[in-house]
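Shown next, in structure tokens, is the structure this report addresses.
Number of protein chains: 2
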Amino acid sequence: MEQLDERKEIILNAIIQNYLETGEPVGSRTISKSYLNLSSATIRNEMADLEELGYIVQPHTSAGRIPTDMGYRFYVDHLMAEKDKEVSQMQELMFEKTGKMEKLLKQVVKVLANNTQYASMILAPSVISNKVKFVQISNVDDNHVLSVVVMEGNLVKNRVIEVEKPLDNETMLKLNMLLNTNLNGLTVNDINLSLISNMKDQAGVHEEIVEQVLKSVADTITDDEDLEVYTSGATNFFKYPELSDSEKAKDLINAFEEKKPLAEFIQDVENESDETGIQVYIGNDSSIKTMKDCSVVTATYELGEGVKGTIGIIGPKRMDYANVLDNLKNLKSQLEKAVNGSPATDIVDSDSS
Amino acid sequence: MEQLDERKEIILNAIIQNYLETGEPVGSRTISKSYLNLSSATIRNEMADLEELGYIVQPHTSAGRIPTDMGYRFYVDHLMAEKDKEVSQMQELMFEKTGKMEKLLKQVVKVLANNTQYASMILAPSVISNKVKFVQISNVDDNHVLSVVVMEGNLVKNRVIEVEKPLDNETMLKLNMLLNTNLNGLTVNDINLSLISNMKDQAGVHEEIVEQVLKSVADTITDDEDLEVYTSGATNFFKYPELSDSEKAKDLINAFEEKKPLAEFIQDVENESDETGIQVYIGNDSSIKTMKDCSVVTATYELGEGVKGTIGIIGPKRMDYANVLDNLKNLKSQLEKAVNGSPATDIVDSDSS
DNA sequence: TGTTAGCACTCTAATAATTTGAGTGCTAAC
DNA sequence: GTTAGCACTCAAATTATTAGAGTGCTAACA
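Residue numbers (my numbering), protein chains in the order written: chain A, 1105 to 1457; chain B, 1105 to 1457.
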């Protein structure tokens, strides 16, 4: 596939660059004028070759050329100039320190959407491989027990359990001890029915209610309903003519609203990623049909060993890849820093005396 | 405004009904044929009158008539036939019993969007007037304290507080006692700095850390970030030609994604509501500019004394008002029942032995 | 052998011209 | 008060026309 001589590469690059900017099919004359001192006829010959090789196509006979998926791929892999590191690092934004992961993720995805002007999404760190750090149940009132679970990375999950009567103090203490000793360090996968019945036996309290509560705690941990995909800038699809006709925009925004399919697709991504953790899907590379006219770029972030999430954008194939990659790298590292790296600081602001 | 004789009312009703169904301006002939045995010429005369009175207009000289906002208003207030109660109650759906309010609301709003085919939203019960029911702090690890607050209606809020060192057991116990006795039954508005410093004094522990934790707990309670608007069916805007051109759809979906302006508008609604709790805003009735071509219908639900939220839909002015009102009433009551009324049942399902 | 000027040809997109038909308002008769 | 009839209007759909960007190919040139 690497049978392109230098001139063809230059021309291909010129075509793609130009198309990225204008969105119009680019003709031989444009290239001839602005990039090289070759006549348009010569360029035409080269273009014919590039078309035969599959890097570009004509939307119709008497039009200029636009890149194929393969053309984009070659551009991303070989031609694209990465942005200057120094410039990009400059933009160091401090995310508001917050006790809630959710809030942080929402901030990050908003920044991403703003910076890139593409629809952006972020998948919260998966709990599959995440470990239980702390469990606690308490009586809230006569009919409700609250169960709270803190996972590695300080993800908090909670659930209110409806019960017939409150647990007495002694049982409560026992159960809390039990829960912490048994569940600490386990992952979602480690928690199953036998473990629960095991704990029940250990508890030594033979009430129906104990089993119910234990089950609910297990449920609380395994429940991944609230570990979601956060999105921002869905309406950015309208910015790009190739995606903004009603039908396409509708499908895309819908996929963005549904989030389920998105989440699944992105989850797959996490596995495929290479050392940089960055993936570029062009057109049909991504498995979702509605996204055949889109490119998807994702970056996997890691908040601790095995605690991975994904951040990414969806936009037209005609995308400013360099800028997107730059932003993703940047946010990925800042996100990781915000959670892992930063020194402890006050959370409440200290403007009041 | 009530100077319409019966025949005019019938004709106006016919025009609006027809327009709701077809979306096309309706001409005199259509009315003459299907609704009354009057000639089209007679209908034309009446229409001219109705136009002069402001209930209908012609989009252009040689077109049929469409209702004005005033026409719709008259229809909603006086003409519209409410749906049969029996039929509507039939559709009694059980919402999955869940410990999480958030989940319940998401389910409800999804059902609403599905039933009506309009963009739907639900505003979580406001905490302003909601009371603290239970507070608890605990050491999660050496550097983190978890604060959990349960409000009336079992809304759970939590926050992880970063600290220099864990609180010793004794202090922890003391603080928990203190928090519960001091905060129980208070609303967000009741919680202020003097209360906090008061508590700090009572604690008798003169460490920096105590104040920090107390402040954070207060923050946890007052934080309304996660009491949000949930939406569903934003892409339904595309179903209605009058809203589906790029510009409008974009603005509307954007408003739906932003949620902030929505939330504010809806919050205002809560106050205006009459005994039924239902409000219909037609066109410019709603204060948001982007919604001038829309109607907004909202219902206020109440989960306990003073704990109010709002559920509503946004759609074209040409809307099936009867169906929407019916659905809102229905869901409002079911939502209230799901939280308040229903007898305690197992949360964990009992299919396993 | 690679490059280039030139020309006929193609096809889209924009503009203009034409047609169609639904609907009105008005008048005059019932 | 109601209605038939007719001239008139205007949006929307259809068709024709034009303009222009771009191509492929050929033949000449260095």
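Ideal Cβ placement from N, Cα and C applies to all residues, glycine included.
Check your understanding: Relative to the C-alpha of V1239 (chain B), which residue among B:L1250, B:P1229, B:D1246 is closest?
Key -> B:L1250
Review point. Just curious, the alpha helix (DSSP H) that N1340 (chain B) is in, first and last residue?
Key: Taken as a continuous stretch (DSSP letters only), N1340 (chain B) belongs to no alpha helix (DSSP H), as it is neither H nor E.
**Study point:** Same chain, Cβ closer than 8 Å to I1120 (chain A), five either side skipped, listed in chain order
**Key:** P1171, G1175, Y1176, Y1179, L1183
Practice item. Identify which residue in A:N1218, A:V1317, A:E1315, A:A1322 has its Cα closest to the Cα of L1290 (chain A). Key: A:A1322
Check your understanding: In chain A, what lies closer than 7 Å to S1348 (chain B) by C-beta?
Key -> S1350
Point to revise | Coil, strand or helix - Y1176 (chain A) by DSSP | key: helix
Check your understanding: Taking C-alpha atoms, which residue in A:V1333, A:E1266, A:N1284 lies nearest to L1209 (chain A)?
Key -> A:V1333
Review point. Can the beta-carbon of K1235 (chain A) be found closer than 8 Å to that of M1255 (chain A)?
Key: yes
Review point. When Cβ atoms are compared, which residues of the region 1271-1291 of chain A fall closer than 8 Å to chain B?
Key: none
Exercise for review: Give the DSSP-derived three-state secondary structure of T1285 (chain B) in the structure shown.
Suggested key: helix
Review point. Which residues bound the beta strand (DSSP E) around L1347 (chain A)?
Key: Where L1347 (chain A) is concerned, there is no enclosing beta strand (DSSP E), given that its DSSP letter is neither H nor E.
**Study point:** Below-8 Å beta-carbon distance, D1093 (chain B) vs any chain A residue
**Key:** Past the edges of chain B, shown from 1105 to 1457, lies residue 1093 (chain B), and the structure says nothing about it.
Exercise for review: Evaluate S1242 (chain A) with the Cβ neighbour count: other Cβ atoms within 10 Å of its Cβ, from every protein chain shown; 16 or more gives buried, anything less gives exposed.
Suggested key: buried
Exercise for review: Mind reading off the beta-carbon distance from A1403 (chain B) to L1432 (chain B)? Whole number of angstroms is fine, and I expect it under 8 Å.
Suggested key: 4 Å
Check your understanding: Just checking my contact of A1338 (chain B) with F1360 (chain B) at CB under 8 Å: how many whole Å lie between their CB atoms?
Key -> 4 Å
Practice item. Can you pull the chain B residues whose beta carbon is under 8 Å from the beta carbon of I1357 (chain A), in chain order? Key: A1338, T1339, I1357
Practice item. Can you tell me which of the three DSSP states M1255 (chain B) falls into? Key: strand
**Study point:** Counted within 10 angstroms of its Cβ, other Cβ atoms place H1248 (chain A) as buried (16 or more) or exposed
**Key:** buried
Point to revise | Residues of its chain near E1440 (chain B), where Cβ-Cβ distance is below 6 Å and the 5 sequence neighbours each way are ignored | key: Y1405
Review point. Starting from D1327 (chain A) and walking both ways along the beta strand (DSSP E), at which residues does that stretch end?
Key: Here D1327 (chain A) belongs to no beta strand (DSSP E), and DSSP marks it neither H nor E.
**Study point:** Whether L1435 (chain A) touches V1215 (chain A) by CB criterion (8 Å)
**Key:** yes
Check your understanding: How long is the line joining the alpha carbons of A1442 (chain B) and V1212 (chain B), rounded to whole angstroms?
Key -> 11 Å
Review point. From the beta carbon of Q1240 (chain B), is the nearest beta carbon of chain A less than 8 Å away?
Key: yes
Exercise for review: Taking C-beta pairs closer than 7 Å, name the residues in chain B that K1393 (chain A) reaches, listed in chain order.
Suggested key: Residues of chain B passing the Cβ test: none, with the nearest at roughly 16 Å.
Practice item. Count the other C-beta atoms from every protein chain shown that fall within 10 angstroms of the C-beta of A1307 (chain A), then say buried if there are 16 or more, exposed otherwise. Key: buried
Review point. Closest Cβ-Cβ distance between F1342 (chain A) and chain B: below 8 Å?
Key: yes
Review point. What distance in whole Å lies between the Cβ atoms of V1260 (chain A) and N1280 (chain B), which are believed to be in contact at a cut-off of 8 Å?
Key: Not quite, the Cβ-Cβ distance comes to about 18 Å (not below 8 Å), so this is no contact.
Check your understanding: Of the residues that make up the region 1245-1266 of chain B, which ones have a beta carbon closer than 7 Å to any beta carbon in chain A?
Key -> D1245, N1247, H1248, L1250, V1252, V1254, N1258, V1260, N1262, R1263, V1264, I1265, E1266
Check your understanding: Nearest to A1223 (chain A) by CA position, among A:K1343, A:S1437, A:G1131, A:E1311, is which residue?
Key -> A:K1343
Exercise for review: Compare the C-beta of E1440 (chain B) against all C-beta atoms of chain A and say whether one is closer than 8 Å.
Suggested key: no
Review point. With burial defined as no fewer than 16 other Cβ atoms inside 10 Å of the residue's Cβ, what is the status of S1166 (chain B): buried or exposed?
Key: exposed
Review point. Three-state secondary structure (DSSP) at D1450 (chain B)?
Key: Residue placement at D1450 (chain B) is poorly supported in this model, since its pLDDT is 29, which falls under 50; the coordinates still yield a value, given next. Note: D1450 (chain B) maps to coil in three-state DSSP.
Point to revise | 6 Å CB neighbourhood of G1168 (chain A) in its chain, flanking five on each side removed | key: P1129, V1130, G1131
**Study point:** Buried versus exposed, by CB contacts within 10 Å (16 or more), S1138 (chain A)
**Key:** exposed
Check your understanding: Under 8 Å Cβ-Cβ, which residues of chain A neighbour E1150 (chain B)?
Key -> Those do not exist, as E1150 (chain B) stays about 38 Å from chain A at its closest Cβ, beyond 8 Å.
Check your understanding: Which residues in the same chain as M1194 (chain B) place their Cβ atom closer than 6 Å to its Cβ, once the five residues preceding and following it in sequence are excluded?
Key -> Below a pLDDT of 50, predicted positions are generally treated as unreliable, and M1194 (chain B), at 43, falls in that range; the measurement from the model is reported next regardless. Closer than 6 Å at Cβ, skipping near neighbours: no residue.
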